[in-house]
Amino acid sequence: MKRLEVLGLDEKKVQHVVVDLSLLLADLQVFYANLRNFHWNVKGHGFFVLHSKYEELYNDAAEKVDEVAERILQLGSNPESRFSAYLEVAEIKEAGVVSCSKEAVDLLLDYYKTLIARERRIIDLATEAHDDTTVSLMNDFLVQQEKTVWMLVAVSSQSCAE
């Protein structure tokens, strides 16, 4: 018996969910790499707080990468694992070296906008496919990300030190 049949999911509807989960996986992988960049290279006002926050965020991103890849597997597909393939499809692009804390925070807000939009689209697709598990996973992501966005917006009012 096929896995999706046991789960009570329609293969054709689930395929749309898998496509967007795969795009989210690519974005999360680039997001993770950019967070490492910020953690290593940001200087200036708020360094101590942001340095720690970036580490917290990249650890969280690594967990999300694993959760998304495992969900793709649970839905009967194989997650991409090549970074070159992620770069081809990711909406989030690699950041160059970013040393200004305000610039990094502003980029993070853009990244979250992209991730949140993708996750909301996945919720819509998963709802249509009656894939409550994926809906729940995306809702869990959104709860944490919306709080992080609130905090980053508060920090983004700072300007770069010359």
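Taking the numbering used here, I'd label the letters of the sequence shown as residues 6 to 167. The beta carbon of each residue, even a glycine, is placed where N, CA and C say it ideally should be. All figures in this text were calculated on a predicted structure; none of them were measured in a lab.
Spatially closest choice to residue 154 from 110, 84 and 13, by CA coordinates:
Selected option, being the one with the closest Cα: 110.
Helix, strand or coil for residue 48? Go by DSSP, reduced to three states.
strand
Can you give the Cα-Cα distance for residue 99 and residue 51, rounded to whole angstroms?
23 Å
In chain order, which alpha helix (DSSP H) runs of at least 4 residues are fully inside the segment 65 to 135?
Counting only runs of 4 or more, we get 88 to 94 and 106 to 133.
Within 10 angstroms of the Cβ of residue 143, are there 16 or more other Cβ atoms? Answer buried if so, exposed if not.
Classification for residue 143: buried.
Close beta carbons around residue 7, own chain, < 7 Å, minus the five adjacent residues each side
none
Buried versus exposed call for residue 148 [16 or more other C-beta atoms within 10 Å across all chains shown]:
Classification for residue 148: exposed.
For residue 130, which residues of its own chain have a beta-carbon under 7 Å away from its beta-carbon, when the five flanking residues on both sides are left out?
21, 22 and 25
Using CA atoms only, rank isn't needed, just tell me which of 113, 45 and 31 is closest to residue 74.
31
Can you tell me where the alpha helix (DSSP H) with residue 141 in it begins and where it stops?
137 to 160
Can you grab the Cα-Cα spacing for the pair residue 62 / residue 135, in whole Å?
Approximately 30 Å between the Cα atoms of the pair.
Closer than 6 Å by C-beta to residue 17: which residues in its own chain qualify, once you throw out the five before and the five after it? Chain order, please.
none
Mapping the DSSP letters down to three states, classify residue 14 as helix, strand or coil.
coil
Considering only C-alpha positions, which residue in the set 72, 150 and 85 is nearest to residue 119?
The shortest Cα separation from residue 119 among 72, 150 and 85 belongs to 150.
May I ask you to report which of helix, strand or coil DSSP gives residue 7?
Residue state, collapsed to three classes: coil.
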